[in-house]
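Participant: My questions all concern the structure below.
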Amino acid sequence: MALLQIAEPGESDAPHEHRLAVGIDLGTTNSLVATVRSGMSLVLNDERGRSLLPSIVRYAGGGEIEVGYAAQAHQASDPRNTVVSAKRFMGRGRKDIAHVEMLPYDFIDAEGMVKLKTAQGVKSPVEVSAEILRALRIRAEASLGGELTGAVITVPAYFDDAQRQATKDAARLAGLNVLRLLNEPTAAAIAYGLDNGAEGVYAVFDLGGGTFDISILRLSKGVFEVMATGGDSALGGDDFDHRVFCWIIEQAGLAPLSPQDVRLLQVRAREAKEYLSQHSEAPITVKLGSGEYVDVTLTTDIFTEITRTLVQKTLVPSRKALRDAGLTAEDIKGVVMVGGSTRMPQIQHAVGEFFRQEPLNNLDPDKVVALGAAIQANLLAGNRAAGDDWLLLDVIPLSLGLETMGGLVEKVIPRNSTIPIARAQEFTTYKDGQTALAVHVVQGERELVSDCRSLARFELRGIPPMVAGAARIRVTFQVDADGLLSVAARELTSGHEARIEVKPSYGLSDDEIAAMLKDSFSHASDDAFRRALREAQVEAQRLIEAVQSALKEDPELLSAAERSHVDNAIVRLQATIMGDDRRAIDQAMDTLSKGTDEFAARRMNKSVSKALSGKKIDQIGIDA
Amino acid sequence: MSACTTTTSEAPAAPQAVPVNWQGAERASPVTLSARAADHIARFLAKRGKGIGIRLGVRTSGCSGMAYKLEFADGPNPEDIEFISHGVKVLVDPKSLPYLSGTELDYAREGLNEGFKFNNPNVKDACGCGESFNV
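Protein chains in written order, with the numbering used here: chain A, 1 to 624; chain B, 1001 to 1135.
Printed below as a string of structure tokens:
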């Protein structure tokens, strides 16, 4: 007998057609899977009642693959084949990884993304992540009693195209149908139901085991826009444990410890920290392998004192994120707490003081992202209650466009457009008889290609030879619900088409995105000037080429004096193009243009008389 | 989707007597909830924030003819028959009642999976997974 869940009125599924959907928080340290059951979002536990799955995969020498706690047990004994924090390597090249030399892995710098050499051969971070996702899928299917319709997987807000694509690839490899990738802070906001009502600006404060992220989200009309992100990729609960660990050693006056004793004390340090979230004193008594006894008591006051600088370190990126968003603490309507480390009263207090309000913390901060993802997955799978007819949207963080003549950027999809989105724009050829068009896709806010990030290049071939400007080429940019871009170019008369899925080999970090945005503001007037200059230069070049091709065709229409006059005007215009005086370019263009008016008129007469010559008057098509 | 195979019991159970008078049936409460099921329903309703109880029913669909309906109820329909079981309001439409008479709704855990289970004495045979049934 199948086990049933309560449906919304009128929404009972037909038998065998339950749309089982889950939300997955694929974390750096731990991962979780959640679902909506009888209208309630809840995290699915493993057979031993544990909700977290350590994001650790071990490729054992015997051909066995262990995931989670089983892999964690071998972290110390088999570090080379036990991959932790694979999320940090997703879609990253070797040079993008911080402290790569400190990691115990055999990295291979493959194109686009690093790979790791293990006892079971070379594995990419995508494959490692797929093992974690597969374990969660199996857990979910056992819990829900059926195959999954799909999953929503969360990613950090600052993940770029390459990292998102890698995450999606991992999910597919794990046999999951990805309904959508969702930004982690957005998922946390959904778990708190912020999407259901109040419009406004929210902060999501995410302090995990090893990383800290702060995001400023604006909610309007059911759309969450990420206004700013910031953080510290090397700050988390582990650092607090370490401070306690050092304090214990100092208090107990311990000599250098064996690795086992270090591990033991680290565990005790963490336990003491967690105990202090509920109590004012944590006794720490340990018998070390060396035979020494440790017997100290950590009080809240001491803990606050030794971790004060760490708490302060979370406020620096918070302040910066507010500044990037152009806001102050008063503008923040609510603060969502994410990550187990936000349980520390010291953090709660500091965040409350900084944002001048009590943070939202009544949901389990370890689970809140997965819970929000589950709610979104349930909606996307089609299990909607009446009144839930909205669809949550995300926006693209930076404008997408392509390169036009002169290295200028033509923006096709402006930043903060809600996704999914498709936009088409028509372009044309620049030269007579041009049969191919190079499409260079760029991302960024600046006016010149050199200041933006190059995403992809491809060529459209087979354009029928035509005069410059006659061809009509429709370029379509499409961004799917996960923020992934595909670009297609189609020549409308011949129907020739070329397209590309954008899989950039290297990504932008959140800092780079922020920097690019800031650049675009501070360079706005400079950029406008440079754009105008480039446009004038392109226009001038076009005029020169048109005149030169006409001169080549009909040299006999000009006298030697006239010819030298035109040639001089061309040389003068060419000289101004090299410089950066836009007015001089305009003037020289004007001179050349006026100087060739007569020439153009003669050419016109010539071609008309050529068309008419030798024809009787009734043969000339005046059949209008 | 799991395959749908029909498993017929060797000796079909004798058809249950169906109460003719529904008003009388109300006293006998032909549809009941187990304490555990009632407990879970109450929790789900509280979490959901609205709804007066749950609605049970059957529909003709599925590979063995009938399928259960289990939904939150936001208000009674005029023809509904109401029961109270362990403090939870249960609504059943009169057309479904003959198929559900004598049913106890339980909340069960099978491995990692948990959910509601219809213990329905009227069922003669069900498809392999039990999601649809015959009377």
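Backbone N, C-alpha and C fix where the C-beta goes; we use that ideal spot for every residue, glycine too. Small disclaimer: the values here were computed from a predicted structure and weren't measured.
Do ARG243(A) and ILE306(A) have their CB atoms nearer than 8 Å?
Facilitator: The answer is yes: Cβ separation under 8 Å.
Participant: What does DSSP give as the partner residues of SER41(A) in its beta bridges?
Facilitator: Beta-bridge pairing links SER41(A) to VAL36(A).
Participant: Strictly below 8 Å CB to CB, what residues from chain B border ILE6(A)?
Facilitator: Within chain B, the residues near ILE6(A) are ILE1041, PHE1044, ILE1054, LEU1070, GLU1071, PHE1072 and PHE1116.
Participant: Are the CB atoms of LEU44(A) and VAL57(A) nearer to each other than 8 Å?
Facilitator: Contact: no.
Participant: Assuming LEU408(A) and LEU448(A) are in contact, meaning their beta carbons sit under 8 Å apart, how far apart are those beta carbons, in whole angstroms?
Facilitator: With a Cβ gap of about 6 Å, LEU408(A) and LEU448(A) count as contacting.
Participant: Do you know offhand how far ARG474(A)'s Cα is from ARG531(A)'s?
Facilitator: Distance between the alpha carbons of ARG474(A) and ARG531(A) is about 23 Å.
Participant: Does DSSP put GLU127(A) in a helix, a strand or coil?
Facilitator: Note: GLU127(A) maps to helix in three-state DSSP.
Participant: Counting only beta-carbon atoms, is GLY39(A) nearer than 8 Å to chain C?
Facilitator: Of the chains in the structure shown, none is chain C; the protein chains are A and B.
Participant: Suppose you measure from the CA of GLY387(A) to the CA of LEU379(A); what does that come to, to the nearest Å?
Facilitator: At GLY387(A) the pLDDT is 48, less than 50, meaning the model places this residue with poor confidence and gives no usable figure here.
Participant: Name, please, each residue of chain A whose Cβ falls closer than 7 Å to the Cβ of ALA1037(B).
Facilitator: Those within 7 Å of ALA1037(B) in chain A number zero; the least Cβ separation is about 10 Å.
Participant: On the criterion of 16 or more Cβ atoms from any shown chain inside 10 Å, does VAL122(A) qualify as buried, or is it exposed?
Facilitator: Label assigned to VAL122(A): exposed.
Participant: Can you tell which of GLY27(A), ARG180(A), ASP160(A) and PRO283(A) has its C-alpha closest to the C-alpha of PHE212(A)?
Facilitator: The residue with the shortest Cα to Cα distance from PHE212(A) is GLY27(A).
Participant: Do VAL126(A) and ASP78(A) come within 8 Å of each other at the CB atom, strictly closer than that value?
Facilitator: Against a cut-off of 8 Å, the Cβ pair of VAL126(A) and ASP78(A) comes out as no contact.
Participant: Sort out for me which residues DSSP pairs PHE1118(B) with in a bridge.
Facilitator: Bridge partners of PHE1118(B): LEU1105(B).
Participant: Could you check whether the Cβ of GLY145(A) sits closer than 8 Å to any Cβ belonging to chain B?
Facilitator: Chain B contact via Cβ: present.
Participant: Pick from VAL338(A), GLY469(A), LEU298(A) and THR435(A): whose alpha carbon is nearest that of LEU460(A)?
Facilitator: Closest option to LEU460(A), Cα to Cα, is THR435(A).
Participant: Expressed to the nearest angstrom, what Euclidean distance is found between the alpha-carbon atoms of PRO256(A) and LEU3(A)?
Facilitator: Their Cα atoms are separated by approximately 57 Å.
Participant: How about PHE599(A) and LEU543(A): are their beta carbons less than 8 Å apart?
Facilitator: In this structure, LEU543(A) does not lie closer than 8 Å to PHE599(A) by Cβ.
Participant: Using the beta-carbon count (16 or more within 10 Å), is THR328(A) buried or exposed?
Facilitator: Label assigned to THR328(A): exposed.
Participant: Nearest chain A C-beta to LYS1089(B) closer than 8 Å, yes or no?
Facilitator: Output row for LYS1089(B): interface = no.
Participant: Using the beta-carbon of each residue, which ones in chain B are nearer than 7 Å to LEU3(A)?
Facilitator: In chain order: ALA1108, GLU1110, ASN1113, GLU1114, GLY1115, PHE1116 and LYS1117.
Participant: Residues of chain A with CB under 8 Å from LYS1047(B), in chain order?
Facilitator: Ordered by position in chain A, the residues that pass the 8 Å Cβ test against LYS1047(B) are GLY39 and MET40.
Participant: Answer with buried or exposed for ALA188(A), where buried requires no fewer than 16 other C-beta atoms within 10 angstroms of its C-beta.
Facilitator: Under this definition ALA188(A) is a buried residue.
Participant: With a 10 Å radius around its C-beta and 16 neighbouring C-beta atoms as the bar for buried, classify GLY1111(B) as buried or exposed.
Facilitator: Burial call: exposed.
Participant: Using three-state DSSP, classify PRO54(A) as helix, strand or coil.
Facilitator: Strand.
Participant: Short check: CB of GLY1087(B) to CB of ALA1038(B), under 8 Å?
Facilitator: Yes, they are a contact pair.
Participant: Please list the terminal residues of the continuous beta strand (DSSP E) segment that includes ALA626(A).
Facilitator: There is no way to answer for residue 626(A), as the model of chain A reaches only from 1 to 624.
Participant: Compute the Euclidean distance between the alpha carbons of PRO1121(B) and GLY1053(B), then round it to the nearest angstrom.
Facilitator: Their backbone Cα atoms lie some 23 Å apart in a straight line.
Participant: Whole angstroms are fine: how far does the CA of GLN346(A) sit from the CA of THR304(A)?
Facilitator: Between THR304(A) and GLN346(A), the C-alpha separation is close to 7 Å.
Participant: How about THR149(A) and ALA381(A): do their beta carbons lie closer than 8 Å?
Facilitator: It is a contact, given that the beta carbons lie within the stated cut-off.
Participant: Pull out every residue of the segment 134 to 166 of chain A whose Cβ sits closer than 8 Å to any Cβ of chain B, in chain order.
Facilitator: Correct list: ARG139, ALA142, SER143, LEU144, GLY145, GLY146 and GLU147.
Participant: Could you tell me how far apart the beta carbons of GLU131(A) and ILE65(A) are, in whole angstroms, since I believe they sit closer than 8 Å?
Facilitator: Going by Cβ atoms, the distance from GLU131(A) to ILE65(A) rounds to 6 Å, so yes, they are a contact pair.
Participant: Short of 6 Å in beta carbon distance, which residues of its chain neighbour ALA456(A), apart from the five on each side in sequence? Order them along the chain.
Facilitator: The answer, listed in chain order, is VAL441, ILE500 and VAL502.
Participant: Mind checking SER124(A): buried by the 16 CB within 10 Å criterion, or exposed?
Facilitator: Classification for SER124(A): buried.
Participant: Considering only DSSP beta bridges, list what LEU219(A) is partnered with.
Facilitator: Bridge partners of LEU219(A): GLY200(A) and PHE224(A).
Participant: Please name the residue or residues paired with ILE1054(B) in a DSSP beta bridge.
Facilitator: PHE1072(B) and VAL1090(B), per the DSSP bridge assignment.
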